[in-house]
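Engineer: This is the structure I have questions about; it appears just below.
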Amino acid sequence: SQELEQSPQSLIVQEGKNLTINCTSSKTLYGLYWYKQKYGEGLIFLMMLQKGGEEKSHEKITAKLDEKKQQSSLHITASQPSHAGIYLCGAAQGAQKLVFGQGTRLTINP
Amino acid sequence: EPEVTQTPSHQVTQMGQEVILRCVPISNHLYFYWYRQILGQKVEFLVSFYNNEISEKSEIFDDQFSVERPDGSNFTLKIRSTKLEDSAMYFCASRAAGSLGGKLFFGSGTQLSVL
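Respectively, the protein sequence lines represent chains G and A.
Going letter by letter, the first sequence gives residues 1080 to 1189 in the working numbering.
Going letter by letter, the second sequence gives residues 248 to 362 in the working numbering.
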């Protein structure tokens, strides 16, 4: 079965700093999804990557999928308190199932 | 903005009791899911449901679990005889037809505590 490993597990950054979260898959990714989870809330879809080398951006968040389609990164530029939360990568397994990484807990210090 | 609603937000039950977790998916969505997250562990898939039947289920989803869409709006997860290890946050999710397979809309979850 496919396993996703995220690094780091937790991250504390100063407001305004850039940061990167990584997601590594044990198998080729055929759809890689990034979600964000705030405490006490459900997961919120951020972005989906499918093609090797693909890169997508939304506001100050950029996600990339490597050419081999086994690793993805999420980069936040000029972090803000609103970026705090838990970021999860998820891989599509078949048509109906997502397998998630363990999450990266992001704290933004003022 | 439409959202997935889950009730209750917290449920405490005794081991061996039946529980029903309720969800109201987004109204025009056709695919429905349950995921759960045991404290400190990954979010894990339980079951997917489409066209009034289960389309896929995980090994976790054994005979003690069942799902139902009793009317046009609710989607429920029943655990017949709860065990201590069923304690977790349970998330309901839904997806529109024609959307990306992994672009799900999640509810805020029901925290189930089995004592």
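Backbone N, C-alpha and C fix where the C-beta goes; we use that ideal spot for every residue, glycine too.
Remember, it's a predicted structure, so these values are computed and weren't measured experimentally.
Please state the DSSP three-state secondary structure of residue 1161/G.
Structural biologist: In the structure shown, residue 1161/G sits in a helix (DSSP, three-state: H, G or I).
Engineer: Cβ of residue 335/A less than 9 Å from any chain G Cβ?
Structural biologist: Judged by the 9 Å Cβ criterion, residue 335/A is not in contact with chain G.
Engineer: Tell whether a beta-carbon distance below 9 Å holds between residue 212/A and residue 289/A.
Structural biologist: Outside the shown range of chain A (248 to 362) lies residue 212/A, about which nothing can therefore be said.
Engineer: List, in chain order, every chain G residue whose beta-carbon is nearer than 9 Å to that of residue 367/A.
Structural biologist: Not covered by the structure: residue 367/A. The range shown for chain A is 248 to 362.
Engineer: Taking 9 Å as the threshold (C-beta atoms), are residue 1105/G and residue 1183/G in contact?
Structural biologist: Cβ distance not < 9 Å, so residue 1183/G and residue 1105/G don't count as in contact.
Engineer: For residue 1173/G, count the other beta carbons within 10 Å of its own beta carbon; 16 or more makes it buried, fewer makes it exposed. Which is it?
Structural biologist: Exposed, by the Cβ-count rule.
Engineer: Helix, strand or coil: how does DSSP classify residue 1094/G here?
Structural biologist: Coil at residue 1094/G, not helix or strand.
Engineer: Report yes if the C-beta distance between residue 260/A and residue 329/A is below 9 Å; otherwise report no.
Structural biologist: Taking 9 Å as the Cβ cut-off, residue 260/A and residue 329/A qualify as a contacting pair.
Engineer: According to DSSP, is residue 363/A part of a helix, a strand, or is it coil?
Structural biologist: For residue 363/A there is no data in the structure shown, the boundaries of chain A being 248 and 362.
Engineer: Identify the residues that DSSP records as bridge partners of residue 1141/G: which are they?
Structural biologist: According to DSSP, which records beta bridges pairwise, residue 1141/G is partnered with 1136/G, 1154/G.
Engineer: Spell out the partners DSSP gives residue 1183/G in its beta bridges.
Structural biologist: BP columns for residue 1183/G point to 1166/G.
Engineer: I'd like to know if the segment 1143-1161 of chain G and the segment 1098-1115 of chain G are in contact, where contact means that at least 3 CB-CB pairs between them fall below 8 Å.
Structural biologist: Short answer: they touch.
Engineer: Is it buried or exposed for residue 357/A, if we count other Cβ within 10 angstroms and need 16 for buried?
Structural biologist: Buried, since its Cβ has 16 or more Cβ neighbours within 10 Å.
Engineer: If you draw a straight line from the alpha carbon of residue 1136/G to that of residue 1083/G, how long is it in whole angstroms?
Structural biologist: Approximately 22 Å between the Cα atoms of the pair.
Engineer: Using Cβ-Cβ distances below 9 Å, what residues of the segment 1162-1185 of chain G are close to chain A?
Structural biologist: Correct list: 1167, 1169, 1170, 1171, 1172, 1173, 1174, 1175, 1176, 1177, 1178, 1179, 1180, 1181, 1182.
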